[in-house]
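Reading through the structure tokens given below for one structure.
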Amino acid sequence: MKHLDGSQIQELRALLEAERERLVGELSERGRRVNGDWQAQATGFEGEASDPNDAADNIEELATNVPIVETLETRLREVEEALERMEKGTYGVSEVDGTPIPIERLRANPAAKTNV
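Number 100 in full-length UniProt numbering belongs to position 100 of the sequence shown; there are no gaps in the numbering.
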């Protein structure tokens with residue numbers, strides 16, 4: 001992190017924290033947290049639906065939400081790992097070759113682990 005100054009770290013931390021908040025909000029809309037893991041759910045799907053069309057709609061919504069929740073959860077994990085790297089002092093350094101990740105790349109993707 002030596003190539004990043006305190007104001008840059010603060011800026012990037014704020015971006016990561018805002019993204020984490022957004023991701024948790026989106027995950028809460030599409031799923032629920034069970035034992036530390038997110039599981040997709042269909043809104044209003046509580047057991048059997050009396051109307052077959054409603055049941056089909058719920059199943060379709062669930063099928064749509066599963067990959068979205070998986071993607072959001074993966075990104076949330078990346079953001080949380082980036083915040084952990086900040087705490088450890090290893091943030092902003094490529095995990096591949098140990099070179100500094102340019103500030104422009106970190107601003108575009110604050111959770112970046114590599115240069116490209």
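Even for Gly, the Cβ is constructed at its ideal location relative to N, Cα and C.
Put simply, the backbone Cα of L4 is about 11 Å away from that of M86. Only buried fits G31, as 16 or more other CB atoms lie within 10 angstroms of its CB.
When DSSP states are grouped into helix, strand and coil, G89 belongs to the coil group. Contact annotation: the segment 106 to 113 does not touch the segment 21 to 30, with fewer than three C-beta pairs closer than 8 Å.
Judged by DSSP in its simplified three-state form, G31 adopts strand.
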